Amino acid sequence: MSDNRVWSYSATLMGSPILLKLFANNEALAARVFGLIKRYEDLLTVNRAHSQVMDINHAAGQHPVAVSRPVYELIKCAKAASMVQDSAFNLAIGPLVKLWRIGFKGDRVPPADEITARLRITHPQDVVLNDTDGSVFLTQPGMEIDLGAIAKGFIADRVRDYLHQQDVRDGLINLGGNVQTLGTPQGSWSIGLKKPFSSSDALVGSIDVVNKSVVTSGTYERYFEQDGKRWHHILDPRSGYPLDNELDSVTIISRDSLDGDIWTTLIFGLGVEKGCALLKQREDIEAIFVTKNRDIILSSQRQFRFTPCDDSYRITDCTA
Ligand code: FAD
Ligand code: MG
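If you count by my numbering, then the sequence shown holds residues 1 to 320, one letter each, in order.
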């Protein structure tokens, strides 16, 4: 690295703005990174008729489908996160995501009886895995796997690994909410934390990290308004409605973006108090909560530094 000049490359993939930052002008490498993301999108998407995940979904209630190793391992990991007691994360949430259509054309509050009917085909234990042949079987007709809450994290980690293989020491990939960083330009990477529901790119602060992933899930990312209420895209697998608590967003700082993606959903489901209690048992996972009441609550700050930049928010920590 000769100097600290940053080159930025952008693309739109997975319905999201993708940003790659490098410390050298290397269009060819950027194209290979975007190609890698595109290949994973093609395997994992549920927004098109065909992908390996859609092959599993199309065969629901009929037969198991063998998939490639990375897809199998990701589904296995998503199932494990879904089976944690009281987990808000559910890989089998697909039928409800498709019913609400939040972030897509035709979103609206579905009739209560349709939500109840779909809840019956969202049980993670009905996703049956076979380690021997790498196959996945959805035992109930109509079941659908949706990896929207975990796939970007998985892909961000694959980009990091690829850049390491290419001897890139310093860089950053942002998959629209999932940021994975490499190296330590000028001491650390500084990641902006968005101000919820602000019309511009306003921030509530910045997060400084070294070799960490920063993942944010927010109710303001994808939502629609009906009957004077906002309906956002993180669904409560117990009720079938969007998770409704004190939170506007949760940010997780961790080594792997896969963990960050899983934990944002888990912690969103727990809320601040239970979330803080759980984080005390996990030194490797850190969080920043932003609440509707304009509180910013920080976990231990061993792995990041937070610099606030909006006086209307009150800063506290998990011990408060
Ligand atoms: P997160 O909070 O990490 O996840 C929320 C998403 O996870 C929801 O949108 C839903 O898909 C799912 N979900 C909701 N509730 C739960 C729950 N309780 N447990 C588990 N999962 C839940 N968007 C487009 O507009 N067009 C596209 O063509 C498109 N293609 C995509 C292809 C891929 C491979 C991926 C990974 C995403 C794609 N997306 C696309 C975006 C996708 O629809 C989601 O909006 C996005 O993944 C949400 O990520 P997030 O980090 O904002 O939210
Ligand atoms: Mg997530």
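All residues carry an ideal CB built from backbone N, CA and C; glycine is no exception. Note that the coordinates shown come from a computational prediction; the quantities given were computed from them, not determined experimentally.
Here Ile-18 has Ser-10, Ala-11, Thr-12, Phe-34, Ile-37, Ile-173, Asn-174, Leu-175, Gly-176 as same chain residues with Cβ atoms under 8 Å from its own Cβ, once five neighbours each way along the sequence are excluded. Nearest in C-alpha terms to Val-67, of all of Asn-130, Pro-308, Gln-186, is Asn-130.
Residue side-chain check: Phe-306 keeps its Cβ at 7 Å or more from all non-hydrogen atoms of the ligand FAD. The beta carbon of Ser-249 sits no closer than 7 Å to any heavy atom of the ligand FAD.
Considered as a whole, the stretch 226-264 harbours 229-232, 247-254 as its complete beta strand (DSSP E) runs of no fewer than 3 residues, in chain order. DSSP, read as helix, strand or coil, puts Ala-202 in coil.
Looking at the DSSP output, Lys-79 shares a beta bridge with no other residue.
Judged by DSSP secondary structure, Ala-11 falls within the beta strand (DSSP E) whose first and last residues are 7-13. Taking 8 Å as the cut-off, the Cβ atoms of Ile-262 and Ile-150 count as close. Within its own chain, the residues whose Cβ lies closer than 7 Å to the Cβ of Thr-265, once the five positions on either side in sequence are excluded, are Ala-88, Phe-89, Ala-149, Ser-217, Ile-234, listed in chain order. In terms of side-chain proximity, the C-beta atom of Asn-47 is found nearer than 7 Å to a non-hydrogen atom of the ligand FAD.
Around the beta-carbon of Ser-51, 16 or more other beta-carbon atoms lie within 10 Å, marking it buried.
At the C-beta level, Asp-310 and Gly-205 come within 8 Å of one another. Cβ atoms of Arg-160 and Gln-186 stay farther apart than 8 Å, at about 19 Å.
For Leu-44, the distance from the CB to the nearest heavy atom of the ligand FAD is below 7 Å.
Around the CB of Glu-41, 16 or more other CB atoms lie within 10 Å, so the residue is classed as buried. Measuring C-alpha to C-alpha distances from Ile-145 to each of Asp-170, Leu-44, Gly-15 identifies Leu-44 as the nearest.
Proximity of the beta carbon of Asp-261 to the ligand FAD is indicated: a heavy atom of the ligand is located closer than 7 Å. Note on Phe-268: 16 or more other CB atoms within 10 angstroms of its CB, so buried under the neighbour-count rule. When the beta-carbon positions are compared, Val-215 and Gly-142 stay at least 8 Å from each other. Judged by DSSP in its simplified three-state form, Ile-288 adopts strand. Checking the 7 Å criterion, the Cβ of Ser-257 is out of range of every heavy atom belonging to the ligand FAD. Under DSSP, Gly-171 shares a beta bridge with Leu-22, Leu-182. Straight through space, the alpha carbons of Asp-107 and Ile-93 are spaced by roughly 16 Å. Burial is judged here by how many other beta carbons sit within 10 angstroms of a residue's own beta carbon; His-58 has fewer than 16 and is exposed.
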